[in-house]
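**Q**
Residue numbers (my numbering): 111 to 292.
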């Protein structure tokens, strides 16, 4: 019996050694067997699978990714992605690290939200382009290790479990590589 997995196929026509194009250059198929996913992506003979992971592992667990020279950390819950962007000096030296909230089904950023965690509140979205933004970014990363985050937006409230955050999301220190305001 084949396990149901999530498969991402990259369309290499837009791939270069340093990365790949935007989401229009990817085919993502969830809850599929490899055979089903391969058949569905067959419309482009050059599509190659680049990633597979169990679908159940993505909900409620912090994930780490890398795209176009940037580290990214995120957790999905109730069709919302809590996202921490971490450009590095080796990837995007001039870009600021940031915290955003994204509605997955509509592929839209949520323009205003509040994160309550460990007795502190953070107004989002924000980035490290200022001293205040930098301080909030460092503080939020530390607070996420201490408790669940409750994110409020548009009259809704979603709890993001701290779960495996300590194993995935970096904390400020010697090996911290996220860009901060200089």
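Glycine residues also receive a C-beta, built at the ideal position from the N, C-alpha and C atoms.
#1: Measure from the alpha carbon of residue 239 to the alpha carbon of each residue in 270, 280, 197, 206, then state which is nearest.
#2: To the nearest whole angstrom, what separates the beta carbons of residue 291 and residue 241, a pair I think is in contact under 8 angstroms?
#3: Let me know the alpha helix (DSSP H) ranges lying completely inside the segment 224-265, each 4 residues or longer, listed in chain order.
#4: Helix, strand or coil for residue 217 per DSSP?
#5: Classify residue 208 as helix, strand or coil using the three-state DSSP reduction.
#6: Taking its Cβ as the centre, do 16 or more other Cβ atoms sit within 10 Å of residue 88, making it buried, or is it exposed?
#7: Take residue 179 as the anchor and find which of 197, 190, 193, 173 has the nearest alpha-carbon.
#8: Considering only the alpha carbon of each residue, which of 182, 177, 192, 208 lies closest to residue 262?
#9: Among 177, 185, 199, 175, which has the Cα closest to the Cα of residue 285?
#10: Could you spell out the range, first to last residue, of the alpha helix (DSSP H) harbouring residue 277?
#11: Quick check on this structure: which residue in 266, 271, 248, 249 has the alpha carbon closest to the alpha carbon of residue 259?
#12: Would you report the Cα separation of residue 283 and residue 251, rounded to the nearest angstrom?
#13: Looking at the strands, I want to know which residues DSSP matches up with residue 195.
**A** With the structure as the only source:
#1: Position 129 of the chain shown holds residue 239. Of 270, 280, 197, 206, the smallest CA-CA separation from residue 239 is found for 206.
#2: Against the chain shown, residue 291 aligns to sequence position 181. Against the chain shown, residue 241 aligns to sequence position 131. Between residue 291 and residue 241 a beta carbon distance of about 6 angstroms is seen, short of the 8 angstroms cut, so the two are scored as contacting.
#3: Fully enclosed alpha helix (DSSP H) runs of 4 or longer: 241-253.
#4: Taking the chain shown and counting its residues from 1, the one referred to as residue 217 is at position 107. Note: residue 217 maps to coil in three-state DSSP.
#5: Stepping through the chain shown from its first residue, residue 208 is reached at position 98. Reduced to three states, the DSSP call for residue 208 is strand.
#6: As shown, the chain starts at 111 and ends at 292. That puts residue 88 outside it, with no answer to give.
#7: By one-based count along the chain shown, residue 179 stands at place 69. Ranking 197, 190, 193, 173 by Cα distance to residue 179 puts 197 first.
#8: On the chain shown, position 152 is the one that residue 262 refers to. When each option's Cα is compared against that of residue 262, the closest is 192.
#9: On the chain shown, residue 285 is found 175 positions in, with the first residue counted as 1. A check of alpha carbon separations from residue 285 across 177, 185, 199, 175 identifies 199 as the nearest.
#10: What you label residue 277 is simply residue 167 of the chain shown in a count that begins at 1. Here the alpha helix (DSSP H) through residue 277 covers 275-278.
#11: The sequence position of residue 259 within the chain shown is 149, counting from 1. Ranking the options by Cα distance to residue 259, first place goes to 271.
#12: To locate residue 283, count along the chain shown from 1; it is residue 173. To locate residue 251, count along the chain shown from 1; it is residue 141. So the two alpha carbons sit approximately 11 angstroms from each other.
#13: Taking the first residue of the chain shown as position 1, residue 195 is located at position 85. In the DSSP output, where bridge partners are listed per residue, residue 195 has 182, 208.
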